[in-house]
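Step one of this worksheet: look at the structure below.
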Amino acid sequence: MVKVEDLALLERKIDDLKLIMDQNQTDSKPFLPPSNLPSKVPHFTGRLRECEDISNHLTSKSSRIVSIWGSPGFGKTSVATEVGHQLRTGGLPVYFFSMRGLLSKADLTSQLLNFFRRHSTKDQMPQRMSIEDELSLFLSEISGEFVMILDNADDLLESGAPNVKEDFINLLEVILSQFRNLTFLLTTRESLEYINVHFEGHQAMRIGPLHESFSQTLVGRLIPKAEPHNAQLSQFLDSFKESLESNIFELLDNPDYPSYLRLKFLFESSFQRLSLSEKEALVSLSVLSGDFNHSVAAAVMGVKTALEARKILLRLRRKSFLDSSSKPESFSMHKLVLSFARERGEDEMKETMLNSKARLFAFYVSLFKKLNKRVLTEQSMQAFVDFYEEKQNIIQSLMESCSDPKTCHVAFGVLTEAEIFLDSLFWCEGKIIHKIYDHTTKEAQMFGKRVSYSQLMVSSAFFEVTGGIHGRSMTLLSKAEGLSLSVGDKGKLLCYRGICQLGLGLIDNGAQNLQNALCLMNDSPEQRILRVTALQILVTYFLFKKKNATSLELYTKALH
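Note that my numbering has the sequence shown beginning at 4, numbered continuously upward.
Here is the structure:
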């Protein structure tokens, strides 16, 4: 027996269908709301290739979703707007929706529905229809191809609402499955690669820094009197891509908000979405400059393996805080991101910043120690190549480590055995060597490291042993002689003094000091080289003295 309630429900549904059919018959024009794009971006330049690629993806049959992602302030919305205008010029309807401030799938659905409802000629809608069904009803009336731009999608995706990502993906899946004539363009700060499993053919385009030549073009347009080679101004504009949104001072929607603070707000909001470990990693990486590989990244972040570091780096790259470098397996941080991360570290994460700097210096001091050992034991030319690739980092780390009482003993120890390597590296750049050792000996004396101070004095003397009366080697050696030295260091001192005396013409005195040095020098890689050098000099000396037997004996020792 049919219930009265069921009959009433059936009657209402029939009435709803009649209403829809009547409206469809009376609506003579197809439903096609006008495009609602923001104003065209003034002075837009430098993104022609990206715009062309995105437009091609949106108009192809293989891509239903295209995403633009990249660091805050790089012009993602500008590119999306430009692409939208190009598509509209080509006759394709484009609808632009900002997702700023949206917290749920319902918020997004309501925003879309309100737009299409405003442009509808329908006076009534069936009662008890869900907002999803009502939106679908409007979309079904658009017969031709059209594009929806969802700008700042990560505001919704990272809102923290339960299951918000799953709900968002589900909404897009339902809409795309129902309407084959619709394509989505999304902008977001983070990569959306995780949606690839849901949307076959998803195309992602990362927006990177604007090329310097395009920055210069923009300078010429905005400031006609600016010279093309005004690199400083071009670099400034390169850092503020979001200025293309409406004019050079508007970085967010609120034109009354100071541009610097708006840009800072963009980075702040992205930074707050990171986990605590990711925040610490980003601040730690900000002590680096230029490109960096997994090894140095692992060192500054304090992680155990390069593999673990790589995982962290890839996560930060997906979130637009890092870029892949042109060098294999290397990364870089844009100057604007770098500046923000350093500011955050110095203001609020000082301990993290200090620890990462200490780890950075320790890494390069350790690298220099390894390179020095390779040169002293293997005569490896690759060690010279490796040094020059990291020259500035190594020199800075040596200087900084010597100034820190917690790390100075390590740097002192490395430099007391590195004069041969450094002399080979900077044989025509004595100022660099003097700068390093003058600073180092001064710090050792200030910290009261008497042994290190005396050892460094001896090492400093090496660089001018052949300088004759114009060198300062003899003065340095005389100062060091009155300080505490190990047996090996005394041998090293005598060796340098002997060579210096030979340069001064004191041949016999020099040869005697070299012989005395042989008895004292130890078997370290550095002093083995000095011993062989002393033996070769003495071989020549005794040949000159007609003492062939002694010369032959010393020559045999040198070979072994």
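Glycine included, each C-beta is placed from N, C-alpha and C at the ideal position.
Asked                                                                                                                                                       : Found
Near H201, which residues of its chain fall below 7 Å by C-beta distance, leaving aside the five closest residues on each side in sequence?                 : I172, E176
Does the stretch 355-364 come close enough to the stretch 276-290 to have 3 or more Cβ pairs within less than 8 Å?                                          : yes
DSSP state of E361, grouped into three classes?                                                                                                             : According to the sequence provided, residue 361 is Ala. The question's Glu does not apply to it. Of the three classes helix, strand and coil, the one that applies to A361 here is helix, per DSSP.
If you draw a straight line from the alpha carbon of G508 to that of V290, how long is it in whole angstroms?                                               : 51 Å
Would you mind working out which of A561, K549, C503 sits nearest Q530, comparing C-alpha positions?                                                        : A561
At which residue ranges does the stretch 303-374 contain complete beta strand (DSSP E) runs of 3 or more residues, listed in the order of the chain?        : 333-335
How would you write the range of the beta strand (DSSP E) that I71 sits in, first residue to last?                                                          : 68-72
Can you tell me which of A301, E311, R192, L279 puts its alpha carbon nearest to the alpha carbon of F270?                                                  : R192
Between G305 and R362, how many whole angstroms is the CB-CB distance? I'm expecting something under 8 Å.                                                   : 6 Å
Rounding to the nearest angstrom, what Cα-Cα distance links A514 and G491 in this structure?                                                                : 18 Å
Since I believe L116 is in contact with E607 (beta carbons under 8 Å), could you give me their beta-carbon distance rounded to a whole number of angstroms? : Within the shown structure, residues of the chain are numbered from 4 to 563, placing residue 607 beyond reach of any answer.
Does the Cβ of S218 have 16 or more other Cβ atoms within 10 Å, making it buried, or fewer, making it exposed?                                              : Any reading at S218 must be qualified, since the residue scores a pLDDT of 48, below 50, and its modelled position is unreliable; no value is offered.
My output table needs one value for L188: the three-state DSSP class, helix, strand or coil.                                                                : strand
To the nearest angstrom, report how far apart R276 and L160 are at their CA atoms.                                                                          : 11 Å
DSSP three-state label for T29, please.                                                                                                                     : Here T29 scores only 48 on pLDDT, less than 50, and its place in the model is too uncertain to base an answer on.
Which same chain residues end up closer than 7 Å to T478 when comparing Cβ atoms and leaving out the 5 residues on each side of it in sequence?             : none
Name the one or two DSSP bridge partners that M208 has.                                                                                                     : I71
Restricting to runs no shorter than 4 residues, where is the alpha helix (DSSP H) found entirely within the stretch 443-506?                                : 453-464, 476-484, 490-506
DSSP puts I152 in a beta bridge; with which residues?                                                                                                       : F99, L188
What number of angstroms, rounded off, separates the C-alpha of K372 from the C-alpha of T553?                                                              : 37 Å
Under 8 Å: do the stretch 481-498 and the stretch 457-464 share three or more Cβ pairs, one atom per stretch?                                               : yes
My output table needs one value for N117: the three-state DSSP class, helix, strand or coil.                                                                : helix
Cβ atoms of F77 and G87: under 8 Å apart, would you say?                                                                                                    : no
Going straight from the alpha carbon of S427 to that of K267, what length do you get?                                                                       : 47 Å
Answer with buried or exposed for K108, where buried requires no fewer than 16 other C-beta atoms within 10 angstroms of its C-beta.                        : buried
For C405 and M524, I'd like the C-alpha separation in whole angstroms.                                                                                      : 26 Å
Mapping the DSSP letters down to three states, classify F202 as helix, strand or coil.                                                                      : coil
Measure the C-alpha to C-alpha separation of R131 and S342 and round it to an integer number of angstroms.                                                  : 54 Å
Can you grab the Cα-Cα spacing for the pair I398 / F149, in whole Å?                                                                                        : 59 Å
Would you mind sorting Y456 into buried or exposed? The rule is 16 or more other CB atoms within 10 Å of its CB.                                            : buried
Can you tell which of L488, V413, H437 has its C-alpha closest to the C-alpha of R453?                                                                      : L488
Any idea what DSSP makes of F270, helix, strand or coil?                                                                                                    : helix
Roughly how many whole angstroms lie between the Cα atoms of G501 and L557?                                                                                 : 17 Å
At the level of alpha carbons, what is the spacing between V378 and A414?                                                                                   : 18 Å
Whose C-beta lies closer than 7 Å to the C-beta of S333 among residues of the same chain, with five residues either side of it excluded?                    : D294, F295, N296
Less than 8 Å between C-beta atoms, sequence neighbours within five positions excluded: which residues of the same chain meet that for K43?                 : T84, E85, H88
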